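Each residue of the sequence shown is one higher than the one before, counting from 2 in this note's numbering.
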Amino acid sequence: METIYTADALLLIYSFVVFLFIGSFLNVWAIRTLDGTSVLHPRHSHCPSCSTLLTWRDLIPVLSWLFLRGRCRTCGEPISWLYPLGELVSALILTFIVWQQGLSLETFVILTLFVFILTLTMTDIRAKLMPNKITYPGLVVILLLRLFIHPLGLTDYGIGFFVGGALLTLLALVPNGMGGGDIKLFALIGLALGWQGVLFALFYSCVWGTVFGLPLKWAGVIKPRQPIPFGPFILIGTLTAWAYGADIWDLYMQLYR
Ligand SMILES: [Zn+2]
Numbered sequence: 002m003e004t005i006y007t008a009d010a011l012l013l014i015y016s017f018v019v020f021l022f023i024g025s026f027l028n029v030w031a032i033r034t035l036d037g038t039s040v041l042h043p044r045h046s047h048c049p050s051c052s053t054l055l056t057w058r059d060l061i062p063v064l065s066w067l068f069l070r071g072r073c074r075t076c077g078e079p080i081s082w083l084y085p086l087g088e089l090v091s092a093l094i095l096t097f098i099v100w101q102q103g104l105s106l107e108t109f110v111i112l113t114l115f116v117f118i119l120t121l122t123m124t125d126i127r128a129k130l131m132p133n134k135i136t137y138p139g140l141v142v143i144l145l146l147r148l149f150i151h152p153l154g155l156t157d158y159g160i161g162f163f164v165g166g167a168l169l170t171l172l173a174l175v176p177n178g179m180g181g182g183d184i185k186l187f188a189l190i191g192l193a194l195g196w197q198g199v200l201f202a203l204f205y206s207c208v209w210g211t212v213f214g215l216p217l218k219w220a221g222v223i224k225p226r227q228p229i230p231f232g233p234f235i236l237i238g239t240l241t242a243w244a245y246g247a248d249i250w251d252l253y254m255q256l257y258r
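So this is what it looks like as structure tokens:
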């Protein structure tokens with residue numbers, strides 16, 4: 002697909018700053034969806050401990066948290082490090098996508114997909130939930146985008162949707178398997194990346210889950226049978242699949258030629 006603008010240093014720096022603020026919004030979106038409150042009202046966030054309204058000085062991504070040393074300016078209660086982490090990871094991942102692909106219509110679709118995966122990862126880490134209130138709008142938005150922007154044939158994405166949903170439904174049947182939220186998320190990933198893409202995404206999610214999960218289990222950080230949120234692994238697994246999936250596959254196939 003035609004690239005409108007190739008990534009250069011200035012574009013990447015600009016993207017990173019914009020994406021930090023988007024990451025900040027995704028935090029709010031995730032938390033308010035879990036709370037059941039509206040994303041847009043009230044417009045201003047407040048401290049969960051003392052209810053003081055936050056001003057612009059408290060809302061600069063990452064920097065405010067560092068400057069305040071992770072505490073509320075008014076009451077001194079700790080502010081979760083998940084805020085700056087969410088902002089930073091969002092900005093890094095979204096900027097990585099622009100760096101890989103420059104600016105194009107397809108870049109916009111991929112950024113949209115990852116906005117939804119990032120938000121669902123945030124709710125998964127905070128509450129082990131991937132709410133339908135986020136996944137369903139994601140399916141609608143990606144479907145609409147894919148109707149107009151589709152480097153692969155439309156059927157590839159349609160099959161991807163069903164492959165993502167069906168495979169995960171099978172995995173959900175095994176004990177300690179994935180939950181309903183994961184199933185819908187993989188249907189979303191299939192719709193956005195096509196059936197090959199979603200197979201790679203599932204594969205790399207499991208690889209990352211093993212690479213990070215097993216040592217944590219051995220170290221006793223994760224207790225046996227304790228469910229761990231799979232969201233972060235889906236996030237980096239899907240990113241790996243999108244950026245390098247086919248390359249790594251080709252390399253693997255060459256070994257057996
Ligand atoms: Zn406070």
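All C-beta atoms, glycine included, are put in the ideal place defined by N, C-alpha and C.
In this text the structure is predicted, and so the values were computed from the model without any measurement.
Where the alpha helix (DSSP H) through PRO49 begins and ends: Where PRO49 is concerned, there is no enclosing alpha helix (DSSP H), given that its DSSP letter is neither H nor E.
Start and end residues, alpha helix (DSSP H) containing PRO339: Since the first and last residues shown for the chain are 2 and 258, residue 339 lies out of range.
Hey, which residues come within less than 7 Å of ligand 1, measuring from Cβ to any heavy atom, in chain order? CYS48, SER50, CYS51, THR53, CYS73, THR75, CYS76, GLU78
Would SER65 pass as a contact of ASP59 if the rule is Cβ separation under 9 Å? yes
9 Å Cβ cutoff met for LEU200 and VAL164: yes
Give the single residue among ILE160, PHE149, THR124 whose Cα lies nearest to the Cα of LEU35. THR124
Any beta carbon from chain C within less than 9 Å of VAL19's own beta carbon? Looking at the structure shown, chain C is missing, and only one protein chain is on hand.
Among PRO49, VAL29, CYS48, SER50, which one has its Cα closest to the Cα of LEU41? The shortest Cα separation from LEU41 among PRO49, VAL29, CYS48, SER50 belongs to VAL29.
Cα-Cα separation, GLY24 to PHE97: 14 Å
Using the C-alpha atoms, what's the distance from ALA92 back to TRP100? 12 Å
Can you tell which of ALA193, THR156, LEU83, GLY246 has its C-alpha closest to the C-alpha of ALA128? LEU83
Can you tell me which of the three DSSP states PRO79 falls into? strand
Measure the alpha-carbon distance for SER46 versus THR56 and round it to whole angstroms. Those two C-alpha atoms are separated by around 9 Å.
For PRO216 and PRO228, what's the separation of their Cα atoms in angstroms? 15 Å
Tell me the DSSP secondary structure of LEU41 in three-state form. Of the three classes helix, strand and coil, the one that applies to LEU41 here is coil, per DSSP.
Same chain, Cβ closer than 6 Å to PRO85, neighbours up to 5 away in sequence not counted: VAL63, TRP66
Which of helix, strand or coil DSSP assigns to ARG226: For ARG226, the three-state secondary structure derived from DSSP is coil.
Hey, out of ILE111, LYS218, ALA31, whose CA is closest to LEU146's CA? Out of ILE111, LYS218, ALA31, ILE111 has the C-alpha closest to the C-alpha of LEU146.
Best match in PRO152, CYS207, GLY181 for proximity to PHE109 [C-alpha to C-alpha]: Closest option to PHE109, Cα to Cα, is PRO152.
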